[in-house]
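Numbering (this note's numbering), first residue to last: 29 to 180.
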Amino acid sequence: MSKKVIDLLNAGRARELAAISQYMTQHYELEDKDFGKLAKKMKEIGIQEMKHAEALAERILFLKGEPTTKPDAVAVKGQEIAEMLKTNIALETQAIKMYNEAAVICAAEKDQISKQLFEKLLVEEEEHLNFFENTKDHLAKLGDVYLVGLTG
Ligand SMILES: [Fe+2]
Ligand SMILES: [Fe+2]
Numbered sequence: 029m030s031k032k033v034i035d036l037l038n039a040g041r042a043r044e045l046a047a048i049s050q051y052m053t054q055h056y057e058l059e060d061k062d063f064g065k066l067a068k069k070m071k072e073i074g075i076q077e078m079k080h081a082e083a084l085a086e087r088i089l090f091l092k093g094e095p096t097t098k099p100d101a102v103a104v105k106g107q108e109i110a111e112m113l114k115t116n117i118a119l120e121t122q123a124i125k126m127y128n129e130a131a132v133i134c135a136a137e138k139d140q141i142s143k144q145l146f147e148k149l150l151v152e153e154e155e156h157l158n159f160f161e162n163t164k165d166h167l168a169k170l171g172d173v174y175l176v177g178l179t180g
C-alpha cells in the first residue's frame with residue numbers, strides 16, 4: 029500500500045484533531061458567555077470532526093499505518109465571535125484544499141476507497157464552511173441584533 033496515501037490520511041487526521049480542539053474550545057467559551065445556540069452548533073460540528081478523525085484512523089489502520097495523535101495546530105482561545113468565525117473559515121478552507129488535492133493523489137495511487145473517504149469528508153467540510161461564512165455575514169450585517177439571536 030502507498031505510503032503517500034497513508035501520509036495524506038494522517039495529514040487529514042492531524043487537521044481534524046486541530047478542528048476538534050478548536051471547536052470544542054469555542055463550545056465551552058460560548059456556553060460560558062451564554063451564547064447557547066452557537067455553542068450547541070459548535071459542539072455538533074466538533075462531533076462531526078471527531079467522526080472524520082475516526083474514519084481516517086480506521087482507514088490508516090486498514091492500510092497498516094499508524095494514526096497520528098497530534099493536531100496540526102493549537103486551538104486559539106479567548107476570541108470574540110467574529111474572530112472565532114475567521115479562525116474557523118481558515119481551518120475549513122485549508123481542509124477543503126487539502127482534501128481535494130488528497131483525493132486526486134489517491135486516484136493517481138489507485139486507491140479509490142481513500143479517495144472516496146476524502147470526498148465524503150469534503151461534503152461536510154463545505155457545509156461547515158458555508159455555515160461559518162453565513163454566520164459571519166449575518167453578524168457583519170446585523171451586528172448586536174444578530175448576537176442576541178445566538179443567546180439562549
Ligand atoms: Fe472534518
Ligand atoms: Fe469541518
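The beta carbon of each residue, even a glycine, is placed where N, CA and C say it ideally should be.
Task: Close-in-space but distant-in-sequence residues of the same chain around ASP62 (CB under 6 Å, 5 per side omitted) - done: THR179
Open item on the list: Please identify the residue among ALA67, ALA81, LEU36 and LEU157 whose C-alpha is closest to the C-alpha of GLN53.
Closed with: Checking the sequence, you will find Thr at residue 53 rather than Gln. Nearest of ALA67, ALA81, LEU36 and LEU157 to THR53, Cα basis: ALA67.
TODO: Sort GLY64, GLU77, ASP35 and LEU37 by Cα distance to GLN50 and report the nearest one.
DONE: GLU77
Task: For THR163, the first and last residue of its enclosing alpha helix (DSSP H) - done: 140–170
Open item on the list: Whether or not the region 136–155 and the region 109–128 are in contact is what I'm after, with contact meaning three or more pairs of Cβ atoms, one per stretch, closer than 8 Å; do they touch?
Closed with: yes
Open item on the list: Using only the alpha-carbon positions, how far apart do ASN38 and GLY177 sit?
Closed with: 38 Å
- [ ] Confirm the yes/no value for this check: CB of GLU152, any heavy atom of ligand 1, distance under 8 Å.
- [x] yes
- [ ] Just confirm the distance between the C-beta atoms of VAL33 and LEU91, as a whole number of angstroms; I'd bet it's less than 8 Å.
- [x] 7 Å
- [ ] Measure the beta-carbon distance from ALA47 to LEU119 and round it to whole angstroms, keeping in mind my assumption that it falls under 8 Å.
- [x] 5 Å
Open item on the list: So, under 8 Å CB-CB, LEU36 and ILE109 are touching, yes? Tell me the CB distance rounded to an integer number of Å.
Closed with: That belief does not hold up - the Cβ atoms of LEU36 and ILE109 are roughly 33 Å apart, past 8 Å.
Task: Proximal residues to LEU58 (C-beta, below 7 Å), its chain only, five neighbours per side dropped - done: LEU66, ALA67 and MET70
- [ ] Check whether the Cβ of ILE75 lies closer than 8 Å to any heavy atom of ligand 2, and answer yes or no.
- [x] no
Open item on the list: Once the 5 residues before and after ASN116 are set aside, which same chain residues still bring their CB inside 6 Å of it?
Closed with: PHE160
Open item on the list: Counting only beta-carbon separations shorter than 9 Å, does GLU57 have a partner in chain D?
Closed with: No chain D appears in the structure shown, which is made up of a single protein chain.
Task: Local conformation of THR121 per DSSP, three classes - done: helix
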